[in-house]
Structures are given as structure tokens and as C-alpha cells.
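Contents: one structure, followed by commentary.
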Amino acid sequence: MIPERVREDFPILQQRMHDKPLVYLDSAATSQKPRIVLEALTRYYEEYNANVHRGIYFLAEKATQAYEDARVRVARFINAPRPEEIVFTRGTTEAINLVAYTWGRANIRAGDEILLTEMEHHSNIVPWQLLAAEQGARLRYLPFDGAGRLALEELDTLLTERTKLVALTHQSNVLGTITPVEEITRRAHAAGALVLVDGAQSVPHMPVDVQALGCDFLAFSAHKMCGPTGAGALWARYDLLDAMPPFHGGGEMIMLVQLDSSTYKDPPYKFEAGTPNIADCIVWATAIDYLEGFGLAAIREHERQLTRYALAQLREVRGVRVYGPEDVEQRGGAIAFDVQGAHPHDVAQVLDQEGIAVRAGHHCAQPLHRRLGLSASTRASLYLYNTPGDIDTLTRGLEVVRRLFTPRTAVRDR
Ligand code: C6P
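Numbering (this note's numbering), first residue to last: -13 to 400.
Have a look at this one:
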């Protein structure tokens, strides 16, 4: 059970917006940060800010220890077999690009295929487009059905001996769909392909165990899980990391630099050139401690109940159409919808006046929206600090939208 007083842990949620209590429903974009995370960040800068892996003095050793402890913490969180399998990045986007530029360039050849899904975030499309254009490879896409589920029946046709990689989201940032990663991974491996999982929307919201998933790469971001912006990770099997060429060149990723060549450190350092994002990686561990204080299963259950309530309430608002699976076992709390007659940007603006923060637009998933026949949608997304009261405020806000955007004659007729 997540207690309602969790909200009190988040200073930002205590404020009013346009003289109304703030209702934050945009955690899929970025989550809010609890006080202990903010305090940990201040403590780092006030007490032990120093560069890592370089200094031979107390502060530097303390910072290095905390940075490496954070790696261990992140590894444990996703049940990675070894902490050296965690490469710190700026976030999910950089982690996926790292794989595309290093593993991709070394392993994808002309005529090879990369299988994506039509519900991917642009971060899991564009890096592969760049790679495919460079290497002469081809991208293929697994579609989704009207209920927002991946069309698994097409997998056998799409997975061929040419498929070298399947890259898919674990949870759609628009439809909320939780994808069957274990099954897809099993079938991809049987076809000889590796699997990259975009965990940006799953790792913050449910227990994720890379060994249980069986995948080869997992990308995720700290800022969507109560941690700071600018930090994230790539998890990959050690043998893959070991064989991959470096990503960025620079300080601290090398063993020896000569004038015309260099040798590189072992993973993960080979992929962490330059001064890393020390503070935010360290503080990410505090965010993980905070989430694990409740337990990811409890957070998932809280969101499951809240999503069920939200779907039922939204269905009651005339003119509102919700996208994605109806069954809360198959989805998380990213809930995209539209309001008949109102542009999503107008919906978001009216809701903002009611103190409600939602996202409107294509949510960096244009192919998904095109597939739905939309250019944009409005999205409410939930996290542990949301309550049924927030959903009630949202539905009341949508009634305001409806009154403003339904033609007067139509209102009279109803
Ligand atoms: N989606 C949203 O509002 P970064 O920006 O690197 O932390 O995460 C990118 C990313 C990758 N995959 C998925 C499924 C995502 O949802 C996101 C981020 C935010 O939906 C910001 S566009």
C-alpha cells in the first residue's frame, strides 16, 4: 500500500497553481523528486564534491566510492548479474544511441534488419534510422492492434534470419501498453537476434529483472523514477560490452594513449569518457532507496488501481476517448485520450488553469499517433504520489473543457 501522505515527501506538490492545488499528471515526462533526493544532492555539493577516479585525497575517494556504490545500487535494482554491466549515461536516449553507434556499427551490415514496433518513442526509432542509413540495413516494424496490443501473430513473418536486433519498449509512453518482452525475447533469440528493451517507462513503475526478461540491453532514465535529470543507464551483458568498441573518446576511458593509438579500459569505464554526471548518478541511488522503501510491486499495484479508476472515470466524460488497453493487467498509468472537438493543446491549457499538469502533443511518438489516425493526444500519467482525488480533479477539469469546446446548441441538446 502506498500511503496518501507520500505526497508530503514532494515539496513541489505542496504548491498551488493558478490558485488551485497542483495536480501533477505528467510523470511519464519526468517524475517529481522527494525531499530526501533534493537533500542528497545538496549534501553531495556541500560535503564531498570532487572528481571521481582521479584524486588521491579524501573527498575524491569519498565521491568515487559513492559513485561506484550507485552503480552497484542500480545494478541490484534491475537484478543485473554484475555492477560492471551498468554504464552510466545521460538517460535512455543516450543509452540507446550508445548501442546503435557501438554495437550497431560493429554488427549491422547491408541487408540486415532491425525490428522495432510502431509504438516506439522517437529515441528508439531515430538512432536505428541513422544506423540503417549508414550501414544499408532495413528497419521493420511490428504493428499494434486497435486495443493497443502488439500484433504478436506477425512476429514469425517479421523475424527472419536477416533480423539482427529487436528493439522495443517495455511500456508505451502513450498507450501504457506493457509489452510481452519475455516472449518476444525468446522468439527473437530463437531467430538469432539480440533484444534491446527501452525501459524508460517500465523500470520506474514495476519490478524489472533483466535476468528474468532474458534481454541483452536495457536502457532507462533516473529522472522518471524520482531521481535527477541528466542521469540514466545502459545495462548490457558483460560479454557484449566487452566486445563493443567505445562510444566517446576522452579522459578516463583509456589504459594507454600514444600519439597515434590508444588502448581502452574494461567496461563500463570504456564507455564513460570525461567527467561523468557524478552528483546525479550518486543521488539516483537515493531515489532507488526511496522507491524500494515502498517496493516496486506496491508501486505497480497502486498504479494499477489508480489506472483502473481513471479509465472508469474518463469513460464517464462525454466526448472523451481513451487509447490503449482496457485491461489494467496489460497496461500502466500513461493514459492518452482525446476530447471530441478540442485540440489537445487547448485541453492541456484549460486543465492547466484548473491546476492540472498533463502533456499534450505527439509525446515523441509520431508513428504511433499516425497509426491511431491522430496528430496529437492529451496524456495523463500517474505515479506513486497520485491519488483518486487527482483523477476526480482531472475529470472535473475535462467537464470544463467539454463545456468550453462543445458548440452551444450541442450542449443545449444534451
Ligand atoms: N518520454 C515522455 O513524455 P529520456 O528523455 O532519454 O530520459 O527518455 C526518452 C524516452 C525513451 N523511451 C520512452 C518510452 C520514453 O517515454 C522516453 C521519454 C517522455 O513520454 C519525454 S519525451
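In this text, a Cβ means the ideal position worked out from N, Cα and C, and glycines have one as well. Every value quoted in this text rests on a predicted model; they were computed, and no experiment measured them.
{"Asked": "Measure from the alpha carbon of Glu70 to the alpha carbon of each residue in Asp55, Glu80, Val336, then state which is nearest.", "Found": "Asp55"}
{"Asked": "Pull up the DSSP beta-bridge partners for Ser248, would you.", "Found": "Val243"}
{"Asked": "Nearest CA to the CA of Thr16: which residue from Gly77, Thr373, Pro311?", "Found": "Gly77"}
{"Asked": "Taking all protein chains shown into account, decide if Met230 is buried (16 or more other Cβ within 10 angstroms of its Cβ) or exposed.", "Found": "buried"}
{"Asked": "Following the continuous alpha helix (DSSP H) through Glu70, name the residue where it begins and the one where it ends.", "Found": "Looking at the DSSP string, Glu70 is not in any alpha helix (DSSP H), and its letter there is neither H nor E."}
{"Asked": "Starting from the N-terminal end, write out each residue whose C-beta falls within a distance shorter than 5 Å of any non-hydrogen atom of ligand 1.", "Found": "Ala14, Ala15, Gly77, Thr78, Thr79, His107, Ser109, Thr155, Asn159, Asp184, Ala186, Gln187, Ser207, His349, Cys350"}
{"Asked": "Can you check which of these residues, Val73, Ile377, Asn37, Arg21, is closest to Asp224 by C-alpha distance?", "Found": "According to the sequence provided, residue 224 is Tyr. The question's Asp does not apply to it. Of Val73, Ile377, Asn37, Arg21, the residue nearest in Cα terms is Val73."}
{"Asked": "At 3 residues or longer, what runs of the beta strand (DSSP E) sit wholly inside the stretch 292 to 362?", "Found": "306 to 308, 320 to 325, 345 to 347"}
{"Asked": "Throw me the rounded Cβ distance for the Leu125 and Ala137 pair, which I believe falls under 8 Å.", "Found": "With 8 Å as the limit, Leu125 and Ala137 do not qualify as a contact, their Cβ atoms being about 17 Å apart."}
{"Asked": "With DSSP as the reference, please indicate the residues paired to Trp221 in a beta bridge.", "Found": "Ile72, Leu204"}
{"Asked": "Tell me which residue opens and which closes the alpha helix (DSSP H) that Val387 is part of.", "Found": "374 to 391"}
{"Asked": "Excluding the 5 residues flanking Val397 on each side, which residues of the same chain have their C-beta closer than 6 Å to its C-beta?", "Found": "In this prediction, Val397 has a pLDDT of 49, which is less than 50 and means its spatial position is unreliable; what the coordinates show is noted afterwards. Excluding residues within five positions, none has a Cβ falling inside 6 Å."}
{"Asked": "Using DSSP's beta-bridge definition, name the partner residues of Asp12.", "Found": "Ser367"}
{"Asked": "Going by DSSP, which residues form a beta bridge with Tyr127?", "Found": "Leu102"}
{"Asked": "Can you find the residues in the same chain that come closer than 6 Å, C-beta to C-beta, to Glu47, ignoring five residues on each side of it along the sequence?", "Found": "none"}
{"Asked": "Per DSSP, Lys256 is paired with what?", "Found": "DSSP output for Lys256 lists no bridge partner at all."}
{"Asked": "Could you compute how far the alpha carbon of Ile164 sits from the alpha carbon of Arg290?", "Found": "12 Å"}
{"Asked": "Is it buried or exposed, Arg382, if we count other Cβ atoms within 10 angstroms and call 16 or more buried?", "Found": "exposed"}
{"Asked": "Taking 8 Å as the cut-off, does the stretch 142 to 150 touch the stretch 267 to 283 (at least 3 CB pairs, one atom from each stretch)?", "Found": "no"}
{"Asked": "Val58 by DSSP, collapsed to three states: which one?", "Found": "helix"}
{"Asked": "Who are the near neighbours of Gln197 in its chain, counting only those whose CB is closer than 6 Å to its CB and skipping five residues on each side?", "Found": "Asn65"}
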